[in-house]
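In the working numbering, the protein residues as written are 105 to 272.
In this text, a Cβ means the ideal position worked out from N, Cα and C, and glycines have one as well.
Following: one structure in structure tokens, then a few remarks.
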């Protein structure tokens, strides 16, 4: 503030600059926290996909050339409870658990595709306030080729920074 004649004048530019910087830093912190939250939720989905894929690979050795039997969620749950798989799970310290739902995941679908040599593992995120806006109602899927032992990742998540691992 300064005095000009008999009137007092304020210089508002430092105050406006401070407010803009504070809002910018606040928004940066908020968006970083939201991104980390989304990454953690995505990691939960990736773990579920990885666990099912591990059991699926083991199950495909048990039922060779039978994608319909191999690519069935109930059969995968039964295979993960199988004593032989539990021994392998402990031996390699995999910590594999197959669940239909988790905190952020609405459902998990496992099914054979028409060519009968490919399994699709699809994880759907809940459309809920606890799930990040970038993930709510979206899915991520692994298409696993039993014959060639190859995995392809598919998703409808639009934010590239969240699905870089899937697009590579």
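Buried/exposed call for residue i, threshold 16 Cβ in 10 Å
{"i": "residue 129", "result": "exposed"}
{"i": "residue 120", "result": "exposed"}
{"i": "residue 325", "result": "As shown, the chain starts at 105 and ends at 272. That puts residue 325 outside it, with no answer to give."}
{"i": "residue 239", "result": "buried"}
{"i": "residue 225", "result": "buried"}
{"i": "residue 136", "result": "exposed"}
{"i": "residue 171", "result": "buried"}
{"i": "residue 264", "result": "exposed"}
{"i": "residue 185", "result": "exposed"}
{"i": "residue 214", "result": "buried"}
{"i": "residue 236", "result": "buried"}
{"i": "residue 189", "result": "buried"}
{"i": "residue 223", "result": "buried"}
{"i": "residue 208", "result": "buried"}
{"i": "residue 149", "result": "buried"}
{"i": "residue 180", "result": "buried"}
Residue from the options with nearest C-alpha to residue i
{"i": "residue 216", "options": "173, 196, 159 and 138", "result": "173"}
{"i": "residue 202", "options": "196, 211 and 144", "result": "211"}
{"i": "residue 221", "options": "164, 131, 153 and 266", "result": "164"}
{"i": "residue 243", "options": "118, 228 and 252", "result": "228"}
{"i": "residue 252", "options": "161, 195 and 261", "result": "161"}
{"i": "residue 246", "options": "237, 143, 133 and 260", "result": "260"}
{"i": "residue 168", "options": "249, 267, 268 and 269", "result": "249"}
Per DSSP, the bridge partner or partners of residue i
{"i": "residue 248", "result": "223 and 255"}
{"i": "residue 214", "result": "225"}
{"i": "residue 209", "result": "229"}
{"i": "residue 243", "result": "228"}
Residue i to residue j span [Cα, whole Å]
{"i": "residue 157", "j": "residue 182", "result": "14 Å"}
{"i": "residue 154", "j": "residue 233", "result": "25 Å"}
{"i": "residue 131", "j": "residue 125", "result": "10 Å"}
{"i": "residue 141", "j": "residue 256", "result": "25 Å"}
{"i": "residue 205", "j": "residue 176", "result": "16 Å"}
{"i": "residue 143", "j": "residue 198", "result": "22 Å"}
{"i": "residue 268", "j": "residue 159", "result": "25 Å"}
{"i": "residue 219", "j": "residue 266", "result": "31 Å"}
{"i": "residue 258", "j": "residue 138", "result": "23 Å"}
{"i": "residue 318", "j": "residue 133", "result": "Only positions 105 to 272 of the chain appear in the structure, and residue 318 is not among them; the question remains open."}
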